[in-house]
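Sequential numbering from 462 applies to the sequence shown in the working numbering.
For reference, the structure discussed in these notes is given below.
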Amino acid sequence: MYATQDLRDEHEGIKVALTVLERLAKEIEANRPVSLDDLGQIVDFLKMFADRCHHGKEEDLLFPALEAAGVPRENGPIGAMLADHTQGREYIRAMNDALTGIPVDRKAFAVAAHGYTQLLTNHIEKENNVLFVMAERQLSPEEHATLAEGFERIERERIGPGVHERYHAMLKRLEDEYLTPPEGS
Ligand SMILES: [Fe+2]
Ligand SMILES: [Fe+2]
462 MYATQDLRDE HEGIKVALTV LERLAKEIEA NRPVSLDDLG QIVDFLKMFA DRCHHGKEED
522 LLFPALEAAG VPRENGPIGA MLADHTQGRE YIRAMNDALT GIPVDRKAFA VAAHGYTQLL
582 TNHIEKENNV LFVMAERQLS PEEHATLAEG FERIERERIG PGVHERYHAM LKRLEDEYLT
642 PPEGS
């Protein structure tokens, strides 16, 4: 199995969070009340799961392995992905600042949330369809096995045992609450 499958699975989880985030940003723009607690949980998920853990696996292990296999970093797909990660961190900081301000800056939150959603949706498409395909074609089965081990280690070290499961339960709750139509509709 390709090590990239783990990253593809994580992309699906991140996409659920992005869809809920986009939905809540639209509610804010329509001046309707939203759960600040849920917004806080989504920002925490993006910070810890998407950036610290998922982007950590890519930056510390996958991208260097691709570079070693001859994929260019500067002016190439790896550099472009790194630039997206950096810009994403700025959006996360902006969402966090808007949410922890007194009073909460709902408008600034919505602007940063839209920016982040757009950036990361495109980013995930590019990785799934271009960069991961390169990794699947160019890295050997041994390299994929080494990457997979490294991914597990990063998961343990950066977010700790059991936390992944907790995030998946949170995504399921958000999905049920915001994305599943009520029975009978
Ligand atoms: Fe990425
Ligand atoms: Fe990714």
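Positions of the beta carbon are idealized from the N, C-alpha and C atoms, including for glycine.
Linking E604 to K568 through their CA atoms gives a straight-line distance of about 46 Å. The three-state secondary structure of I539, taken from DSSP, is helix. A491: not part of any alpha helix (DSSP H); DSSP gives it neither H nor E.
Contact check for E586 and C514: beta-carbon distance about 20 Å, past the 8 Å limit, so the pair fails to qualify. Looking only at Q548, E610, V572, the smallest Cα-Cα distance to A559 is reached by V572.
Contact annotation: the segment 590-602 does not touch the segment 503-510, with fewer than three C-beta pairs closer than 8 Å.
Residue environment for H629: exposed (fewer than 16 other C-beta atoms within 10 angstroms of its C-beta). Across the structure, H472 and N583 are spaced so that their CA atoms are roughly 11 Å apart. Burial state of I563 is exposed, judged by a 10 Å Cβ sphere holding fewer than 16 other Cβ atoms. Just measuring C-alpha positions, the residue of R619, G540, E644 sitting nearest A511 is R619. D470 has its alpha-carbon roughly 26 Å from the corresponding atom of G531. Counting the other CB atoms within 10 Å of its CB gives M556 a total of 16 or more, which places it among the buried residues. The beta carbon of H625 sits no closer than 7 Å to any heavy atom of ligand 2.
In this structure, DSSP gives M462 a state outside helix and strand, which the three-state scheme calls coil. Collapsing the DSSP output to three states places A530 in coil. T578 carries a helical assignment under DSSP once its states are collapsed to helix, strand and coil. Cβ contact annotation for V477 (same chain, cutoff 8 Å, sequence separation greater than five): L632, L635, E636, L640, in chain order. Taking a 10 Å sphere around the C-beta of G549, we find 16 or more other C-beta atoms and assign the residue as buried.
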